[in-house]
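Be aware that the sequence shown starts at 0, since it is given in numbering that gives the first Met the number 0, and climbs by one per residue. These notes are about the structure you will find just below.
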Amino acid sequence: MAGTSRTASASRTASTPGTESTPGPDITVELLCTEADFDAMRRARPAAGDYARYRERARLVLRDLRRHGGHVWVRPLDPDDYRAFCADEGVPADSAVSRAQYSADRRLLPPMPYAGEPLDVVLRHLVEQRDDERTASTALGLLDLATEPAERAATPASEAATFGGSHLVALVRGAGPGAHRLTCVMDAGPEQLSAQAEFEQDEQRLWSYGPRLDIFATLLAATYALGESATITLCTRPLPAHAPEAGTGTEAGTGTEAGTDTEAAADTEGETVRGWRLLADRFEPLTPMEVRDAHPAPSPTASPTASPTASPTASPTARYAPGFPLHPPPE
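Here it is, written out as structure tokens:
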């Protein structure tokens, strides 16, 4: 069930800049990322074997494709999305033709390049990519709901978006040099949502790892527009001796120079965790004890797009501190 599709028949797949001259075709492999996905897909398309056997076949397929050259891409195969596609299009779910039509659907997540990583790493990356997309989609839906013109007390969408973006900039500015992970958890509301964003910055540049800063800003905007509350934490650790090389991560466009307002980087050793509670349009600093309680529990997996120096949770020796004052840029 590890499906492959050549980009000749799936024009949505983009080539990696600067590698167009590499010989061999571009091939996208769609993978069932969890055993639950495998079981759900098997109900739509019966297959022999168990998930362990499926994983081994997928590993061999990826290995062989890499050996033959060309560009190999991977993308999660979502059984629920596939079944919805088949229902919308009126095609049978157990047909290879239906799978090919689904693979060519432009609405799918963009594929990720595969460079020979272990299969466990690839699958974890794909699961988190899919989770990020779902969080972004839900947050955007909530933002649309809260800013519908028909609602008398609705906050205009542009105002909410400006609020989310400007306060993200304030958080990034205040974080200062270091390797950072921001976490936002909506405390209530119609959906229990959370988002994390990782970035590094020194005195001159800021690197963002993945699209999560945008998702984080959207969740702030949705919380503000809905009039709900959210808890925000910032975990900071010192940068290594060598900053990320060019091309590692994405240089984020915050519209400001990194390194202004460096309250969060006062320590040169260990990790520091700060926190705030978003209430209406106010970011209220948490006490150190509240920050400790609010900081996310240790995660068994690391982020797929994370900096190698960023930490998902604070170390046992972390220092907990109130959030620093935020100074959003003028509108």
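For every residue, glycine included, the Cβ atom is placed at its ideal position computed from N, Cα and C.
Secondary structure of L31, DSSP reduced to three states: Of the three classes helix, strand and coil, the one that applies to L31 here is coil, per DSSP.
Around the Cβ of V71, are there at least 16 other Cβ atoms within 10 angstroms (buried) or fewer (exposed)? Buried.
Would you say L277 and A221 are within 7 angstroms of each other, going by their C-beta atoms? Taking 7 angstroms as the cut-off, the beta carbon of L277 is found no closer than this to the beta carbon of A221.
Between the CA atoms of E289 and D25 - distance to the nearest angstrom: Each residue's alpha carbon lies about 50 angstroms from the other.
R98 to E197 span [Cα, whole Å]: Between R98 and E197, the C-alpha separation is close to 35 angstroms.
Of all Cβ atoms in chain B, is any one closer than 7 angstroms to the Cβ of R54? Chain labels in this structure do not include chain B; a single protein chain is all it has.
Since S102 is in the beta strand (DSSP E), which residue starts that stretch and which ends it? No beta strand (DSSP E) contains S102, which is instead part of the alpha helix (DSSP H) from 95-102.
Burial state of P176 (16 or more Cβ within 10 Å): Classification for P176: buried.
Could you check whether L167 and A216 sit closer than 7 angstroms to each other, using their CB atoms as the reference points? With respect to L167, A216 sits close: the two C-beta atoms are nearer than 7 angstroms.
Do A92 and A43 have their beta-carbon atoms positioned less than 7 angstroms apart in this structure? Against a cut-off of 7 angstroms, the Cβ pair of A92 and A43 comes out as a contact.
What are the partner residues of L277, as DSSP defines its beta bridges? Its beta-bridge partners are A229, F282.
On the three-state DSSP scale, how would you describe P78? In the structure shown, P78 sits in a helix (DSSP, three-state: H, G or I).
Residue range of the unbroken beta strand (DSSP E) whose run includes L325: Element bounds for L325: n/a, residue is neither H nor E.
Compute the distance between the beta-carbons of A293 and G322, then report whether it is under 7 angstroms. Result no, Cβ atoms of A293 and G322 do not sit closer than 7 angstroms.
In the DSSP assignment, find the unbroken beta strand (DSSP E) run with G177 in it and report its ends. Going by DSSP, G177 is part of the beta strand (DSSP E) stretching over 177-185.
Who are the Cβ neighbours of A317 in its own chain at under 6 angstroms, not counting the five residues just before and after it? Within the same chain, E270, V272 come within 6 angstroms of A317 by CB-CB distance, once the 5 residues on both sides are set aside.
Return yes when the Cβ of P75 is within less than 7 angstroms of the Cβ of L125, no when it is not. In contact: L125 and P75 (Cβ atoms closer than 7 angstroms).
Pull up the distance between the alpha-carbon of R54 and that of L61, whole angstroms please. Cα to Cα, the separation comes out at about 11 angstroms.
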